[in-house]
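Under this note's numbering, the first residue of the sequence shown carries the number 8, and numbering increases by one thereafter. Ideal Cβ positions, reconstructed from N, Cα and C, are used throughout, including at glycine.
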Amino acid sequence: MDRISKLHFGSPGNSLEIRFLRKWTLQFRKDETWFIVIDEHGDTIQLLAQKTNQGSTETSLLLSRCYRIKDYTCTEPDKYQKVLDHLVHMNIGEASIIEEIPNHNALPLTWFRFSPRSHFQMIADQNLEHPDFIGVLIKMKDREKKQGTFHGYDFNRGKCGGDYHTLMEGMHRFARQIQSKCPYIKL
């Protein structure tokens, strides 16, 4: 079984278990449908379905479902396609084998990344679409509870919205994981 972090240009397309998180079509490239997929290690990559297989892929691949995918190719995206930090994206075509697998607890349900304000300024100047932008974390506060420290967040959602409760639950889980591994870091 492969993992997303090890994929590179020309990877052989070995079996990979993934969950589909997001789907979008670029404004001026209607013959391309993009997905963000995640593996059990929390690594993400963009997946591209285009032209002849675009319609069948869009209808058969459902968001939040888990799939095993084989026989894909890995190529480098151009500057208009790239929204993630991964160096390559996955292409699926008619030769690709995609089979749905039972819902898998090891595959994360959500994914997000923290970005500093300077990063938002940089990407705003590029005038690109950002399907993974949910909002802006504006302030963190420590709040005491009877059973220990609770980390509260003031969160300003962006225009894209998103499932606020799922996002906040993920943020709390992330904060607990960081503090359990690095107790000297105060969030």
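query: For I52 versus R29, is the C-beta spacing smaller than 8 angstroms?
result: As a first step, residue 52 must be located in the sequence shown, where it is residue number 45. As a first step, residue 29 must be located in the sequence shown, where it is residue number 22. No, they are not a contact pair.
- request: Would you kindly check if the distance between the Cβ of T80 and the Cβ of N98 is under 8 angstroms?
  value: In the sequence shown, residue 98 corresponds to position 91, counting from 1. In the sequence shown, residue 80 corresponds to position 73, counting from 1. In contact: N98 and T80 (Cβ atoms closer than 8 angstroms).
- prompt: How close, in whole Å, do the beta carbons of T82 and F16 come, if the pair is a contact with beta carbons under 8 angstroms?
  reply: Reading the sequence shown from its first residue, position 75 is the one you call residue 82. Reading the sequence shown from its first residue, position 9 is the one you call residue 16. Between F16 and T82 the Cβ distance is about 7 angstroms, and since that is below 8 angstroms, they are a contact.
Euclidean distance between Cα positions of S63 and T40: Here residue 63 is taken as the residue at index 56 of the sequence shown, counted from 1. Here residue 40 is taken as the residue at index 33 of the sequence shown, counted from 1. In a straight line, the C-alpha of S63 is about 11 angstroms away from that of T40.
Contact belief for I45 with I25 at Cβ below 8 angstroms, rounded distance in angstroms: As a working note, residue 45 is residue 38 in the sequence shown. As a working note, residue 25 is residue 18 in the sequence shown. Indeed they touch by this definition, with Cβ atoms about 6 angstroms apart.
message: Please classify G49 as buried or exposed, where buried requires at least 16 other C-beta atoms within 10 Å of its C-beta.
response: Translated into positions along the sequence shown, residue 49 becomes position 42. Classification of G49: exposed, given that the 10 Å Cβ count is below 16.
message: Closer than 8 angstroms is the cut-off here; do at least three beta carbon pairs connect the segment 99 to 115 with the segment 66 to 76?
response: yes
query: So, helix, strand or coil for K58, using DSSP?
result: The sequence position of residue 58 within the sequence shown is 51, counting from 1. K58 falls in the helix class under three-state DSSP.
- prompt: Per DSSP, what kind of secondary structure is T51 in: helix, strand or coil?
  reply: Counting from 1 along the sequence shown, the entry for residue 51 is found at position 44. Here T51 sits in strand by DSSP.
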